[in-house]
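**Q** Input: one structure, supplied below.
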Amino acid sequence: MFGQTFQLSDLAGVGALVVLEALLSADNALVLAIMVRHLPKDQQRKALMYGLVGAFVFRLLAILFAAVVLKQWWLQGVGALYLLWVPLKHFYKHSQEKKVKPVGAGFWQTVIAVELTDIAFAVDSILAGVTFIDNKQDKIWVVYFGAIIGIVLLRFAASMFIRLLEKYPALDHVAYVLVGWVGVKLLFLTGSTFEKYHPNQLAFEVPHMPTLIFWGVLLAIASLGTVYAVRKGRHEAHIPEDTDERFDEAMDSDESKQPPDVS
0 MFGQTFQLSD LAGVGALVVL EALLSADNAL VLAIMVRHLP KDQQRKALMY
50 GLVGAFVFRL LAILFAAVVL KQWWLQGVGA LYLLWVPLKH FYKHSQEKKV
100 KPVGAGFWQT VIAVELTDIA FAVDSILAGV TFIDNKQDKI WVVYFGAIIG
150 IVLLRFAASM FIRLLEKYPA LDHVAYVLVG WVGVKLLFLT GSTFEKYHPN
200 QLAFEVPHMP TLIFWGVLLA IASLGTVYAV RKGRHEAHIP EDTDERFDEA
250 MDSDESKQPP DVS
């Protein structure tokens, strides 16, 4: 029906794609949670709602226009550059925290940033699915099914990550590294798409990123980063928040007890 074919062997592909979409959805949800957490609780919920609605809408649009997205190398390139810019901005701001106390963006600025991130993840989600089925048009239903599962998982993951971030704040670094890695992969896909539809226009051959390398590095970042974030969170939980203040008070007390200089 509609030029689509089904075989029992497709079930394994569906299962693998569901895992793939779950990982991308988890990453998307984690980034949404990070981007809204500086807002007050009531605005946080509203911004997250806008983010989730945007994620649903943009993923549905990406599904409907998957064939178009596959041919637009510039759209893939914009998504890749945005996914690379987001973590670079995050780590730069983090490095400046000790110099200047960061001021969180306003509500609507946050919502716009969230929606841009949703667009980039929507494009990457569809591209990942189509790449997974080797661009076989008679298996495009697998991509649709996986994307719908991803949307459902995204809805339940976002609220969970808000709670996890409160307990393990270092998870935000892990998420941004993951975003950067997805951006690198999408950049490779951009080059491949350009080369496919505009042959002989580049003076060099665009290298292909093997699927195993992408997922191997992604899982390594996620697993090792999570271990780091959990250990750091547990360590900080045992350190009283007023440790620095008590240390300063103790130093002042010691100085006050020193005998006056009579020289």
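Quick note, the sequence shown lines up with residues 0 to 262 if you use numbering that gives the first Met the number 0. Backbone N, C-alpha and C fix where the C-beta goes; we use that ideal spot for every residue, glycine too.
1. Exposed or buried, which one is residue 175 when buried takes at least 16 other CB atoms within 10 Å?
2. So, under 8 Å CB-CB, residue 186 and residue 113 are touching, yes? Tell me the CB distance rounded to an integer number of Å.
3. Going by Cα to Cα distance, which pick from 73, 116, 110 is closest to residue 45?
4. So, helix, strand or coil for residue 34, using DSSP?
5. Indicate the three-state DSSP secondary structure (helix, strand or coil) for residue 208 in the structure shown.
6. Which of helix, strand or coil does DSSP assign to residue 249?
7. Measure from the alpha carbon of residue 25 to the alpha carbon of each residue in 216, 230, 120, 228, then state which is nearest.
8. Let me confirm a value: residue 210 is counted as buried when at least 16 other C-beta atoms fall within 10 Å, else exposed. Which label applies?
9. By the DSSP assignment, the alpha helix (DSSP H) with residue 93 in it spans what residues?
10. Applying the 10 Å Cβ sphere with the 16-neighbour rule, what's the burial state of residue 49?
11. Assign residue 202 to one of three DSSP states: helix, strand, or coil.
12. Per DSSP, what kind of secondary structure is residue 106 in: helix, strand or coil?
13. So, with DSSP's three-state summary, where would you put residue 64?
14. Would you mind working out which of 194, 219, 151 sits nearest residue 180, comparing C-alpha positions?
15. Find the nearest neighbour of residue 72 within the set 232, 191, 84, judged by alpha-carbon distance.
16. How far does the alpha helix (DSSP H) with residue 172 in it extend, from its first residue to its last?
17. With a Cβ-Cβ cutoff of 8 Å, do residue 43 and residue 36 count as a contact?
18. Kindly list the residues whose CB is nearer than 7 Å to the CB of residue 178, restricted to its own chain and excluding five residues on each side of it in sequence; keep chain order.
**A** Result, derived from the coordinates:
1. buried
2. Actually they are not in contact, since the Cβ atoms of residue 186 and residue 113 sit about 22 Å apart, beyond 8 Å.
3. 110
4. Residue 34: helix per DSSP, three-state reduction.
5. coil
6. With a pLDDT of only 48 at residue 249, under 50, the local geometry of the prediction cannot be trusted, and no value is derived from it.
7. 120
8. exposed
9. 72 to 94
10. The residue is buried, with at least 16 neighbouring Cβ atoms inside 10 Å.
11. coil
12. helix
13. coil
14. It is 219 whose Cα lies nearest to the Cα of residue 180.
15. Answer by Cα proximity: 191.
16. Note, residue 172: alpha helix (DSSP H), 170 to 196.
17. yes
18. So the qualifying residues of the chain are 26, 30, 82, 85, 86.
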